[in-house]
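Structure record follows, encoded as structure tokens.
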Amino acid sequence: MKWDEFFVTGEPLIYMADAAIVLTIIGIVFVLTYFKKWKWLWKEWLTTVDHKKIGIMYIISAVLMLFRGGVDALLMRAQLTVPNNTFLDSQHYNEIFTTHGTIMILFMAMPFIFGIMNIAVPLQIGARDVAFPYLNALSFWTFFFGALLFNISFVIGGSPDAGWTAYMPLAGNELSPGPGQNYYLLGLQISGIGSLISGINFIVTILKMRAPGMTLMRMPMFTWATLITSILVVFAFPVLTVALALMTLDRIFGTHFFTLSGDGVPMHWANLFWIWGHPEVYIAILPAFGVFSEVVSTFARKRLFGYTAMVWSMVAISVLSMLVWVHHFFTMGSGAPVNAFFSVSTMAIAIPTGVKIFNWLFTLYKGRIKFTSAMLWSLAFIPTFVIGGVTGVMLSMAAADYQYHNTYFLVAHFHNTLICGTVFAVFAALHYWYPKMFGVILNEKLGKITFWFFVLGFNVCFLPQYVLGFMGMPRRIYTYPADAGWTELNVISTIGAVMMGIGFIFLCINVVYTYFKGERDLTGDPWDGRTLEWSIPSPAPHYNFAVTPQVKGLDAWWMMKKERKEGKEEEEPEYKPIHMPSNSGRPFIMSIFFFIAGFGLVFEWMPVAIIGLIGVIICMILRSFEYDDGYYVPVEEIKQTEAGRE
Amino acid sequence: MPAQQQKWLNLFMKVLPLSLLFLLTGCSERFVLLNPKGPVAEVQKDLILWSIWFMLFIIVVIFVLFAIILWKYRERPENLDYEPPDQHGNTLLEIIWTAIPVLIVIALAIPTVKATFELEKPPKESRGVEPIVIHATAADWKWIFSYPEENIETVNYVNIPKDVPVEFKLTAVGGMSALWIPELGGQKYNMAGMGMTLYLQADHVGTFKGRNSNFTGEGFAHQTFDVNAMEKEDFYKWVKETQASAPLLTKKQFNEIIQVGVLKDKLTFSGTHLAWVDFAKPGEHLDNIPAKEKHGTIKLEEVESDHHDNREHESHQHEGH
Chain D
36 MKWDEFFVTG EPLIYMADAA IVLTIIGIVF VLTYFKKWKW LWKEWLTTVD
86 HKKIGIMYII SAVLMLFRGG VDALLMRAQL TVPNNTFLDS QHYNEIFTTH
136 GTIMILFMAM PFIFGIMNIA VPLQIGARDV AFPYLNALSF WTFFFGALLF
186 NISFVIGGSP DAGWTAYMPL AGNELSPGPG QNYYLLGLQI SGIGSLISGI
236 NFIVTILKMR APGMTLMRMP MFTWATLITS ILVVFAFPVL TVALALMTLD
286 RIFGTHFFTL SGDGVPMHWA NLFWIWGHPE VYIAILPAFG VFSEVVSTFA
336 RKRLFGYTAM VWSMVAISVL SMLVWVHHFF TMGSGAPVNA FFSVSTMAIA
386 IPTGVKIFNW LFTLYKGRIK FTSAMLWSLA FIPTFVIGGV TGVMLSMAAA
436 DYQYHNTYFL VAHFHNTLIC GTVFAVFAAL HYWYPKMFGV ILNEKLGKIT
486 FWFFVLGFNV CFLPQYVLGF MGMPRRIYTY PADAGWTELN VISTIGAVMM
536 GIGFIFLCIN VVYTYFKGER DLTGDPWDGR TLEWSIPSPA PHYNFAVTPQ
586 VKGLDAWWMM KKERKEGKEE EEPEYKPIHM PSNSGRPFIM SIFFFIAGFG
636 LVFEWMPVAI IGLIGVIICM ILRSFEYDDG YYVPVEEIKQ TEAGRE
Chain R
12 MPAQQQKWLN LFMKVLPLSL LFLLTGCSER FVLLNPKGPV AEVQKDLILW
62 SIWFMLFIIV VIFVLFAIIL WKYRERPENL DYEPPDQHGN TLLEIIWTAI
112 PVLIVIALAI PTVKATFELE KPPKESRGVE PIVIHATAAD WKWIFSYPEE
162 NIETVNYVNI PKDVPVEFKL TAVGGMSALW IPELGGQKYN MAGMGMTLYL
212 QADHVGTFKG RNSNFTGEGF AHQTFDVNAM EKEDFYKWVK ETQASAPLLT
262 KKQFNEIIQV GVLKDKLTFS GTHLAWVDFA KPGEHLDNIP AKEKHGTIKL
312 EEVESDHHDN REHESHQHEG H
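Residue numbers (our numbering), protein chains in the order written: chain D, 36 to 681; chain R, 12 to 332.
In structure tokens form, the structure reads like this:
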């Protein structure tokens with residue numbers, strides 16, 4: 036392989052990116068060395084198994100990926116603003132929309148969600164960590180190194196360019212030779228390991244580690260959402276694992292599962308991909324529903340309306356989500372009976388979703404609504420997501436979908452649901468749980484500016500795209516002719532995208548401002564919350580709860596506060612030594628070996644790949660001989676930490 | 012900003028873009044999905060409009076509830092001592108807002124299923140008319156139309172008679188494409204080694220835009236074609252002329268045409284490639300997949316240079332003899 040094939044050459048934007056990457060690495064190394072923080076980095080972050088720190092690392096990574104995916108989006112919008120634009124050529128544009136989609140769904144939404152689940156769930160159920168803290172760290176680091184592998188593609192070797200859906204035969208060797216598509220396969224495969232592990236981890240945590248008295252129907256709604264999502268993850272991700280593995284075999288080892296030649300059947304990739312892909316978007320939205328339930332209930336000062344209905348509707352949504360995948364390819368010629376079935380099953384999902392919307396509205400009904408930033412994001416979700424939902428019902432009508440499919444109507448729909456559902460939720464969750472994570476409250480004024488720029492920008496960017504779909508504009512085109520009549524709406528859409536970018540900048544300003552001047556959370560309960568995470572100090576002590584709480588009902592903390600007000604006698608807490616898991620560097624190192632193996636396979640350098648895999652296996656063998664099963668936090672330390680909270 | 016102004020601004024800014032949408036919808040010829048030029052697109056338009064009414068109803072109900080609740084129950088300095096009631100839920104409400112969506116889904120599902128089955132056959136209104144069969148072969152990045160009965164082949168344009176159902180036989184050389192002529196109806200995928208059938212029909216004379224709607228790589232945006240719907244007499248006149256005067260398609264020419272690259276020329280031939288290969292038959296495509304070296308990127312300037320019509324070119328050659 037020649038140097039100018041290994042490094043991407045010939046593009047000024049890429050050279051600038053190369054420079055930025057090198058400078059950033061130098062900068063990070065310099066800062067760590069100057070402030071003598073290498074040991075701190077290793078001890079406190081690279082080897083941590085603490086769910087709260089892992090959650091923070093997930094969220095930081097997700098925000099960085101939001102930045103990169105957002106820049107991709109702005110580049111695309113710039114190219115599409117005017118007809119016959121030459122800002123990006125076809126190849127460049129194709130790589131950018133592929134990385135935009137892959138990054139936003141798999142490396143931004145998923146880690147943000149896993150991060151928030153990590154922060155909140157153990158605290159909400161009164162536990163001290165997740166069931167498998169070591170595996171939790173491995174989840175994060177495999178995600179990190181899988182994402183890193185995918186992200187370097189645009190400067191080394193070239194990015195994948197067949198869309199985030201990577202349909203065959205386009206994504207195969209015959210039509211897309213080179214390392215690009217391999218990055219997709221290996222990056223997703225490695226980070227997919229992390230997702231699957233997390234799914235298992237949260238199921239066990241929630242089923243086995245709830246505080247005494249917390250029956251399933253007394254769990255906070257976010258925990259319920261996490262449980263159901265995790266079950267979906269465990270059912271869906273193995274399908275992706277297999278599909279990616281089969282395409283990897285096709286591309287690197289010459290098999291014929293999906294190829295044009297050798298009796299391969301390209302349609303089967305689409306089939307397998309979407310069997311995973313549809314549950315995946317429900318994996319992205321169900322935790323969002325959980326977040327909104329928490330925030331709406333807290334800032335309306337009212338318990339969640341229709342708790343039982345809310346639980347069962349999420350169960351129904353998750354079951355149905357596994358029965359609708361063919362709606363992604365109604366036009367692939369499955370025939371009328373199949374298309375009809377999947378039309379009806381897809382429409383059916385709207386029913387439990389609608390039930391949830393009404394239950395949120397009636398939680399607000401007769402409440403006392405406080406418009407904090409977290410609440411603004413949650414309120415904006417209701418009307419905007421409903422538009423996305425109804426356009427989803429329109430798309431589900433197969434005969435009509437033959438016109439909508441692969442147009443901007445579809446693009447508008449999925450951005451509408453993913454942004455107004457998932458992205459609004461993670462922003463709400465960030466504001467809501469920030470004090471618990473860091474002990475400071477994000478600035479409200481800056482939060483509101485972020486909100487307005489982003490939400491208005493979203494509407495200006497994507498509502499016109501519904502119209503573009505009706506005007507016959509297909510997706511994934513890098514340019515269009517002047518006589519198509521699409522120019523005005525594309526200009527408006529770009530303005531909206533810029534507004535969203537400005538909103539993101541204000542979010543970053545908020546984080547930096549809050550670091551230096553943020554209002555401290557001194558009580559641990561800044562919002563007068565209802566659930567157990569608000570009963571401990573902010574930021575949470577590393578052992579979470581000094582004494583495992585006794586739960587007497589739904590909204591356990593709210594109940595405890597009421598009892599205190601009523602003057603109920605409280606027992607003196609009896610502290611006992613708390614058992615905590617030890618740190619470990621192995622997840623970090625094992626993930627580096629995964630990265631090496633992946634990198635080798637991307638370029639088909641088998642010796643490198645084999646070294647990487649051997650490294651992974653050695654790490655696993657070492658783990659099986661692990662005899663360190665943790666340590667005890669002494670009572671004096673607990674007493675000191677708890678005393679500090681006064 | 013005080014909470015009440017905030018809430019109004021919230022709602023107004025959500026309604027405003029939506030209302031612009033409604034003002035624009037349907038008012039213009041550019042809304043191809045709502046301006047069908049044939050019976051298939053007509054069925055689809057009716058289904059689309061039917062669904063829009065229900066969706067509007069849902070949106071209005073929720074938006075109105077949302078606005079009223081946010082306005083009435085917002086926190087103000089006057090109600091800071093109001094503690095909301097501990098409402099668990101309401102079974103009757105749950106039943107109502109489950110049952111009504113179920114009814115809406117049924118109301119949408121029945122016409123959807125009906126239309127989905129209907130579109131698998133030629134348009135109802137042309138029951139007695141013999142469909143004209145046209146093979147549409149997508150190659151990266153051009154379209155090849157073969158008329159087996161008439162024994163002619165066109166590239167990047169297709170002429171069809173008005174009021175006659177067209178039975179498109181879809182297939183591809185290489186990448187998975189999709190034939191889409193929005194003014195005549197919805198799309199279906201073209202896949203190598205497979206034959207798909209798509210029925211479309213024009214009941215207006217005119218030129219309609221068609222394109223590939225399934226991403227196939229660098230030249231995808233340029234993979235478009237023209238559909239010329241003409242009166243039956245004009246169509247058959249064109250067929251006769253073409254059979255008589257268009258150059259015979261050779262294997263060599265055809266292999267050049269299907270080489271990977273953007274081809275914008277509109278070409279016409281007598282004879283079709285079906286004489287030696289049918290990409291819809293499993294296995295037959297295998298010997299004919301054009302080799303793809305790393306093609307590099309499509310530069311717009313290359314695509315924009317004049318396209319020519321091969322018949323002029325050919326006739327000049329003939330004159331030279």
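Even for Gly, the Cβ is constructed at its ideal location relative to N, Cα and C.
How would you label residue 52 of chain R, buried or exposed, when you count the other beta carbons within 10 angstroms and need 16 or more for buried?
buried
What residues from chain R crowd round residue 513 of chain D, counting only those whose CB sits closer than 7 Å?
232, listed in chain order.
Using a Cβ-based criterion (distance less than 7 Å to any ligand heavy atom), does residue 586 of chain D qualify as near the ligand MG?
The ligand MG is absent from the structure shown, which contains no ligand whatsoever.
Which ranges would you report for the alpha helix (DSSP H) in the region 89-164 of chain D if only whole runs of at least 4 residues count?
Taking only runs of at least 4 residues, the alpha helix (DSSP H) segments lying wholly in the region 89-164 of chain D are 125-137, 145-159.
Name the DSSP bridge partner or partners of residue 236 of chain R?
R:221
Which residues of chain D have a Cβ atom closer than 7 Å to the Cβ of residue 225 of chain R, listed in chain order?
441
Can you find a CB in chain D that lies within less than 8 Å of the CB of residue 97 of chain R?
yes
Can you confirm whether residue 378 of chain D, when its beta carbon is compared against all beta carbons of chain R, has any partner nearer than 8 Å?
yes
Taking the alpha helix (DSSP H) that residue 266 of chain R falls in, what are its first and last residues?
According to the DSSP assignment, residue 266 of chain R belongs to the alpha helix (DSSP H) that extends over 262-268.
Which residues in the same chain have their Cβ closer than 7 Å to the Cβ of residue 209 of chain R, if we skip the five residues on either side of it in sequence?
179, 181, 190, 199
If you draw a straight line from the alpha carbon of residue 408 of chain D to that of residue 488 of chain D, how long is it in whole angstroms?
If I take the Cα positions, the gap works out to 13 Å.
Determine, for residue 274 of chain R, whether the minimum Cβ-Cβ distance to residues of chain D falls below 8 Å.
no
Residues of its chain near residue 243 of chain D, where Cβ-Cβ distance is below 7 Å and the 5 sequence neighbours each way are ignored
166
Evaluate contact between the region 159-177 of chain D and the region 232-250 of chain D, counting only Cβ atoms and requiring at least three cross-stretch pairs below 8 Å.
Touching, yes.
Taking its Cβ as the centre, do 16 or more other Cβ atoms sit within 10 Å of residue 252 of chain D, making it buried, or is it exposed?
exposed
Provide the residue(s) that pair with residue 206 of chain R in DSSP beta bridges, ordered along the chain.
According to DSSP, residue 206 of chain R bridges with nothing at all.
Name the residue from R:261, R:102, R:246, R:148 whose alpha carbon lies nearest to the alpha carbon of residue 373 of chain R.
Outside the shown range of chain R (12 to 332) lies residue 373 of chain R, about which nothing can therefore be said.
What in chain R is Cβ-close to residue 202 of chain D, meaning under 7 Å?
Close to residue 202 of chain D, with beta-carbon spacing below 7 Å, are these residues of chain R in chain order: 187.
Integer Cβ distance of residue 404 of chain D from residue 335 of chain D, believed to fall under 8 Å:
5 Å
Fully enclosed by the region 423-499 of chain D, which alpha helix (DSSP H) runs are 4 residues long or longer?
433-439, 443-452, 459-473
Identify, in the order they occur along the chain, each residue of the same chain with its Cβ nearer than 6 Å to the Cβ of residue 245 of chain D, setting aside the five sequence neighbours on each side.
160
Taking 8 Å as the threshold (beta carbon to beta carbon), is residue 397 of chain D in contact with chain R?
yes
Take every Cβ of the region 314-322 of chain D, pair it with every Cβ of the region 456-472 of chain D, and state whether three or more of those distances are shorter than 8 Å.
Contact check between the region 314-322 of chain D and the region 456-472 of chain D: three or more CB pairs, one atom from each, fall below 8 Å, which counts as touching.
Assumed close pair residue 503 of chain D, residue 524 of chain D - CB separation to whole angstroms, cut-off 8 Å:
Going by Cβ atoms, the distance from residue 503 of chain D to residue 524 of chain D rounds to 5 Å, so yes, they are a contact pair.
Under 8 Å from the C-beta of residue 416 of chain D: neighbouring residues of chain R
Result: empty, since nearest Cβ-Cβ is about 11 Å, beyond 8 Å.
Enclosing alpha helix (DSSP H) for residue 328 of chain D [first to last residue]
302-334
Going by DSSP in three states, residue 571 of chain D sits in which element: helix, strand or coil?
coil
Do we get a CB-CB distance below 8 Å when we pair residue 219 of chain D with the residues of chain R?
By this cut-off, residue 219 of chain D is not an interface position.
Endpoints, alpha helix (DSSP H) assigned at residue 180 of chain D
168-186
Can you list, in chain order, the residues of its chain whose CB lies under 6 Å from that of residue 153 of chain D, leaving out five sequence neighbours each side?
Excluding positions up to five away in sequence, the list reads 86, 89, 90.
For residue 595 of chain D, which residues from the same chain have a beta carbon less than 7 Å from its beta carbon, with the 5 sequence-adjacent residues on both sides left out?
570
Closest by C-alpha distance to residue 257 of chain D, when choosing among D:324, D:106, D:105
Of the candidates D:324, D:106, D:105, the one whose C-alpha sits nearest the C-alpha of residue 257 of chain D is D:324.
Give a yes or no on whether the C-beta atoms belonging to residue 314 of chain D and residue 348 of chain D are separated by under 8 Å.
No, the Cβ-Cβ distance between residue 314 of chain D and residue 348 of chain D is not below 8 Å.
Is the region 241-252 of chain R close to the region 72-81 of chain R, with three or more CB pairs under 8 Å?
no
Flag this pair as yes or no: are the beta carbons of residue 558 of chain D and residue 591 of chain D separated by less than 8 Å?
Their beta carbons are not under 8 Å apart, which means residue 558 of chain D does not touch residue 591 of chain D by this criterion.
Which residues, in order along the region 107-129 of chain R, keep a beta-carbon less than 7 Å from a beta-carbon of chain D?
Per Cβ criterion, the list reads 108, 109, 112, 113, 116, 119, 120, 123, 124, 126, 127, 128.
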